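Engineer: 159 is the number that full-length UniProt numbering gives to position 159 of the sequence shown; each next residue is one higher, with no gaps. Here it is, the structure, as structure tokens.
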Amino acid sequence: MPETIVTVGSHPGLSRSDRSLPRKADMRSEIVEVRTGSDEVVYDLTDECERFLATAFEGAERGDGGGDGGDGILHVFVPHATAGVAVIETGSGSDDDLLAVLGAVLPPDFGWRHRHGSPGHGRDHVVPAFVPPYATLPVVAGRLALGTWQRVCLVDTNRDNPRRKVRLSLLRG
Numbered sequence: 001m002p003e004t005i006v007t008v009g010s011h012p013g014l015s016r017s018d019r020s021l022p023r024k025a026d027m028r029s030e031i032v033e034v035r036t037g038s039d040e041v042v043y044d045l046t047d048e049c050e051r052f053l054a055t056a057f058e059g060a061e062r063g064d065g066g067g068d069g070g071d072g073i074l075h076v077f078v079p080h081a082t083a084g085v086a087v088i089e090t091g092s093g094s095d096d097d098l099l100a101v102l103g104a105v106l107p108p109d110f111g112w113r114h115r116h117g118s119p120g121h122g123r124d125h126v127v128p129a130f131v132p133p134y135a136t137l138p139v140v141a142g143r144l145a146l147g148t149w150q151r152v153c154l155v156d157t158n159r160d161n162p163r164r165k166v167r168l169s170l171l172r173g
């Protein structure tokens, strides 16, 4: 797994007593490939995110000495012009509702100026304006700090591209 060490510069306003602040941040990144198939989909990435965090924090101790984990920020990014990332409830119909609303707001037969690909593909290039291609999430004790029903999902309306890449990047605290 690639590892990047980023040096955090000093701030001119810091006094000598502030020297206990960390000078380096640890960032880890991984690309996950997802097969979305030929249908519009809200694909749950939460388990992949948790697996990545478990690997990234392997051997790390919580501040209280109570086991593995650590704190940080997880950034989820899809490097595609026709997909997004949403934090949404799944399994109760909300995922289907999201696709239905995107279909109503961005109808395939609108007369899109962006015309390559299958009919209506131009709308897929507008989806990231409504569902951004990223989400930044808190990590506490090595786990995503999501709400009760929240899941991290790839939103893909592009039927022409059945494979997606998702970059997971962790900035450890």
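Quick reminder that beta carbons are idealized off the backbone N, C-alpha and C, glycines included. Remember, it's a predicted structure, so these values are computed and weren't measured experimentally.
Would you mind sorting Asp156 into buried or exposed? The rule is 16 or more other CB atoms within 10 Å of its CB.
Structural biologist: As a working mapping, residue 156 is identified with position 156 in the sequence shown. Buried, because 16 or more other Cβ atoms sit within 10 Å of the Cβ of Asp156.
Engineer: Check whether the segment 156 to 172 touches the segment 79 to 89, taking contact to mean three or more Cβ pairs, one atom from each stretch, closer than 8 angstroms.
Structural biologist: The answer is yes - the segment 79 to 89 touches the segment 156 to 172, with three or more Cβ pairs under 8 angstroms.
Engineer: Is the CB-CB distance between Glu30 and Arg167 below 9 angstroms?
Structural biologist: The residue you call residue 30 lines up with position 30 of the sequence shown. The residue you call residue 167 lines up with position 167 of the sequence shown. The answer is yes: Cβ separation under 9 angstroms.
Engineer: If you draw a straight line from the alpha carbon of Phe52 to that of His114, how long is it in whole angstroms?
Structural biologist: As a working note, residue 52 is residue 52 in the sequence shown. As a working note, residue 114 is residue 114 in the sequence shown. Rounded to the nearest angstrom, the two C-alpha atoms are 36 angstroms apart.
Engineer: Would you decide whether His116 is buried or exposed? Buried here means 16 or more other CB atoms lie within 10 Å of its CB.
Structural biologist: Working through the sequence shown from its first residue, we reach residue 116 at position 116. When all chains shown are included, His116 counts as exposed.
Engineer: Just the C-alpha distance for Pro107 and Glu58, rounded to the nearest angstrom, thanks.
Structural biologist: Taking the sequence shown and counting its residues from 1, one reaches residue 107 at position 107. Taking the sequence shown and counting its residues from 1, one reaches residue 58 at position 58. The straight-line gap from Cα to Cα measures roughly 45 angstroms.
Engineer: My output table needs one value for Pro132: the three-state DSSP class, helix, strand or coil.
Structural biologist: Position 132 of the sequence shown, counting from 1, holds the residue named residue 132. If DSSP states are grouped into helix, strand and coil, Pro132 belongs with coil.
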